[in-house]
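Heads up: the sequence shown is residues 1 to 124, going by UniProt numbering. We put the beta carbon where it would ideally sit given N, CA and C, even for glycine. Working notes for the structure below.
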Amino acid sequence: MVDLPELAQDPRFATTRDRAAHQEELKSLLEERFKVRPTEHWIAAFARAGVPHARINDYAAALSDPQVAHMDWLQAITLPSGHATRTFASPVRLDGRGFAICHRLPALGEHSAEIRRELEQPVH
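Here is the structure:
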């Protein structure tokens, strides 16, 4: 499936225990192989072979995932610059209700002096 037949003969990966002992090496080899084809190729190949799998999204893909929208996990926010964007709200629900981000986001460094005073460190 991954077109690396030499792995089947490699003593580092002969048994489950061997693979566990050399998991970082195996991970590196597989990650390099997975880079040569698009994600959709691997999703389809694993599905055909009955291999459990799941897509790992980057932030942008997670924001546009239909399940994220269905679960109502996104919240509109305004950044200190005035730019409107979306981010993930808490996935925790109590009595079917979620928790919104209810405080404005601080600007970079906005609370640095206050935090340093609390930690008794000089402000630069």
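Residue i and residue j closer than 8 Å at C-beta
i, j, result
"Leu30", "Val51", "no"
"Leu108", "Ile77", "no"
"Ala89", "Leu79", "no"
"Leu63", "Arg86", "yes"
"Arg37", "Leu26", "no"
Host alpha helix (DSSP H) of residue i (start-end)
i, result
"Leu30", "23 to 34"
"Glu40", "39 to 49"
"Glu6", "6 to 9"
"Ser112", "112 to 118"
"Pro54", "Residue 54 is actually Ala in this sequence, not Pro. Segment: none, Ala54 is in no alpha helix (DSSP H) and carries neither H nor E."
"Leu63", "59 to 63"
Status (buried if at least 16 other CB within 10 Å, exposed otherwise) for residue i
i, result
"Ala13", "According to the sequence as given, residue 13 is Phe; it is not Ala. With 16 or more Cβ atoms within 10 Å of its Cβ, Phe13 is classed as buried."
For residue i, the first and last residue of its enclosing beta strand (DSSP E)
i, result
"Thr78", "74 to 78"
Opposing strand residues paired with residue i [DSSP bridges]
i, result
"residue 154", "Because residue 154 is not part of the residues shown, which for the chain are 1 to 124, the question remains open."
"Arg97", "Leu94"
CB-CB length for residue i against residue j, believed under 8 Å
i, j, result
"Gln33", "Leu4", "In the sequence as presented, Gln is not what sits at residue 33; that position holds Arg. About 6 Å separates the two Cβ atoms, so the contact holds."
"Asp72", "Gly98", "7 Å"
"Thr39", "Arg55", "7 Å"
Cβ-heavy atom distance, residue i to the ligand HEM, below 7 Å
i, result
"Pro106", "Of ligands this structure carries none, so the ligand HEM is not represented either."
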